[in-house]
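Undergrad:
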Amino acid sequence: MKNELHQSGSLYLRQHANNPVHWQLWSADVLAQAVKDERLLLLSIGYSSCHWCHVMEEESFEDEEVAALMNAHFTSIKIDREERPDLDARYMSAVQLMTGQGGWPLNCIALPDGTPVWGGTYFSKADWMAALSQISQMWKETPQTIQDYAQQMREGLSDMVLVSTSGTPGSFVASDLEDVLIPWMRGWDEVNGGLTHAPKFPMPSNYSYLLQHGILSQNDRTLSFVHNTLNKMALGGIYDFVHGGFTRYATDRFWKVPHFEKMLYDNAQLIGLYAKAYRNDHQDLYAQTISQTVSWLQREMKLDSGLYAAALDADSATSENPREEGGYYTWRIDELEDLALP
474 MKNELHQSGS LYLRQHANNP VHWQLWSADV LAQAVKDERL LLLSIGYSSC
524 HWCHVMEEES FEDEEVAALM NAHFTSIKID REERPDLDAR YMSAVQLMTG
574 QGGWPLNCIA LPDGTPVWGG TYFSKADWMA ALSQISQMWK ETPQTIQDYA
624 QQMREGLSDM VLVSTSGTPG SFVASDLEDV LIPWMRGWDE VNGGLTHAPK
674 FPMPSNYSYL LQHGILSQND RTLSFVHNTL NKMALGGIYD FVHGGFTRYA
724 TDRFWKVPHF EKMLYDNAQL IGLYAKAYRN DHQDLYAQTI SQTVSWLQRE
774 MKLDSGLYAA ALDADSATSE NPREEGGYYT WRIDELEDLA LP
C-alpha cells in the first residue's frame, strides 16, 4: 500500500500526496479491502484553506513516526469535505455525538464497514499517537468492545434523524417562536453582540431569523440585539477594513482578534443579512459593508471561469515563515515603526 492522493483532482488531497502516510482515496474497492483485511478505517476530513488541518499535517501526517503507526494498523483515507459533503456530514454528526463538538480537521476511526467508533478534531502529535496506539491495541485484543460501541453509535445516530418520514403534519402556533427565543436569549451578549462565549461566529442564518422575528413581532429587544451584533461585527477585527469581507470567526468575545480564513458561504450570506438589516435601519455602515464585501468577492474570489473560490486560506507566507496564520494581514512592530512619521 502507498499514498494514492496524487491521483486526486482535489487541491486539498494533493496537498497530502507527499505525506509518508499511505493515504487512500474513498472508494468501494478500498473499503472492500479493509473489510477483507479486517483493518480499522482512519478517516481524516478537511479542506485546503483550513488552518488547523495544516497544523496537524505538519505535526503528525508529515512525521515518519506517526506515519509508521498509522500505516501499520489502519487503512487511512483522506477526504475533502468540499468534494464529499455527504461523508463530512455523516462523520461530523458522529463526532458531535461522541464529543459534543465538531470542526476541522475531522478525524474519525471507524470499523471496516465505515461505522464510526471514535473521533475528534485537532490532536497534537502526542495525543494522536496515544489514541491510535490504544485503539489499535483494543482492536487486536478485545475487538468485541469496539464492535459493541459501534452498535451504540449506530443507534445514537439513528436517533439524530431530523426529518420525520411518518407523513403526519405537526401543529404550529406563534408561541412556538417564543419558546425557541426565550432560552436563546439567555446566551446573548447584549454588550458586545453575539453569544456570550468565544470563539464568536457570524452565524448569518441565526441573525437573519432573529431580525425577521424582531420585525414581525415588533420585539425591540431582539432588534436591538441583532443591530448591535451587526455593528460590532462590521467594526471589529473579524471584518477586513482594507479589502472587505468577513473572516470565519473571532477568537475573543469582543470580535477583535480574527481567525483569518475567509469563507465564500459566510460572506455570501452576510451580504444578504446586512441588506435585510439596512431595509430595517438605514445605517450607512451597513451599506458600506455590503458594497465593500461585494467588491472583494468580485475582485479576489471570482475566477476566470466565472465561478467563485470557496475560501481564502488563513495561512500565508512571511519573510520569516513559509506558512503563518494571518501572515498576510498582520504587521510586525518593526514594520509599523518604519512607517511612523518622524
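One point on numbering: in the numbering used here, the residue at position 245 of the sequence shown is 718, and numbering is uninterrupted. Each residue gets a CB set at the ideal place from its N, CA and C atoms; glycine is no exception.
If the criterion is Cβ atoms closer than 9 Å, does the pair Leu-513 and Leu-584 meet it?
TA: For Leu-513 and Leu-584, yes; Cβs fall inside 9 Å.
Undergrad: To which residues does DSSP link Gln-436 through a beta bridge?
TA: Outside the displayed span of the chain (474 to 815) sits residue 436, for which this structure offers no information.
Undergrad: Does DSSP put Leu-513 in a helix, in a strand, or in coil?
TA: It is a strand residue.
Undergrad: Is Gly-593 closer than 9 Å to Met-571 when the C-beta atoms are compared?
TA: Result yes, Cβ atoms of Met-571 and Gly-593 sit closer than 9 Å.
Undergrad: Using a Cβ-Cβ cut-off of 7 Å (strictly less than) and excluding sequence neighbours within five positions of Ala-760, which residues of its own chain qualify?
TA: Contacts found: Tyr-751.
Undergrad: Buried or exposed, going by whether 16 or more other CB atoms sit within 10 Å of the CB of Phe-534?
TA: Buried is the call here.
Undergrad: If you draw a straight line from the C-alpha of Glu-532 to the C-alpha of Ala-501, how long is it?
TA: Distance between the alpha carbons of Glu-532 and Ala-501: 30 Å.
Undergrad: Within a Cβ cutoff of 6 Å, which residues of the same chain sit near His-755, ignoring the five residues on either side of it in sequence?
TA: Correct list: empty, nothing qualifies.
Undergrad: May I have the straight-line CA-CA distance separating Ala-790 from Met-602, to the nearest angstrom?
TA: Cα to Cα, the separation comes out at about 29 Å.
Undergrad: According to DSSP, Lys-857 sits in a beta bridge with which residue or residues?
TA: The structure shown does not extend to residue 857, since the chain spans only 474 to 815, so no value can be given for it.
Undergrad: For Tyr-485, which of Gln-607, Ile-518, Pro-589 has the nearest alpha-carbon?
TA: The shortest C-alpha separation from Tyr-485 is found at Ile-518.
Undergrad: For the beta strand (DSSP E) holding Asn-580, just list the boundary residues, first then last.
TA: That run of the beta strand (DSSP E) goes 579 to 583.
Undergrad: What is the residue span of the alpha helix (DSSP H) that Gly-687 lies within?
TA: That run of the alpha helix (DSSP H) goes 677 to 690.
Undergrad: If you follow the beta strand (DSSP E) that Pro-589 is part of, which residue opens it and which one closes it?
TA: 589 to 593 is the span of the beta strand (DSSP E), which, as asked, contains Pro-589.
Undergrad: In chain order, what residues of the same chain have a beta carbon less than 6 Å from the beta carbon of Pro-795, not counting five sequence neighbours either side?
TA: Closer than 6 Å at Cβ, skipping near neighbours: no residue.
Undergrad: Which whole-angstrom value is the C-beta distance of Ser-549 and Ala-784, which I expect to be below 8 Å?
TA: That belief does not hold up - the Cβ atoms of Ser-549 and Ala-784 are roughly 24 Å apart, past 8 Å.
Undergrad: Roughly how many whole angstroms lie between the Cα atoms of Glu-798 and Asp-788?
TA: The straight-line gap from Cα to Cα measures roughly 4 Å.
Undergrad: Would you tell me roughly how many angstroms separate the C-alpha atoms of Asp-777 and Asp-621, rounded to the nearest one?
TA: Approximately 52 Å between the Cα atoms of the pair.
Undergrad: Thinking C-beta only, is Trp-525 closer than 9 Å to Tyr-595?
TA: Yes.
Undergrad: Per DSSP, Gly-818 forms a beta bridge with which residues?
TA: Nothing in the structure corresponds to residue 818, since the chain is present only between 474 and 815.
Undergrad: On the criterion of 16 or more Cβ atoms from any shown chain inside 10 Å, does His-670 qualify as buried, or is it exposed?
TA: Exposed, because fewer than 16 other Cβ atoms sit within 10 Å of the Cβ of His-670.
Undergrad: Beta carbon of Thr-762, beta carbon of Tyr-781: below 9 Å?
TA: Not a contact, by the Cβ cut-off of 9 Å.
Undergrad: Once the 5 residues before and after Arg-557 are set aside, which same chain residues still bring their CB inside 7 Å of it?
TA: Around Arg-557: Trp-499.
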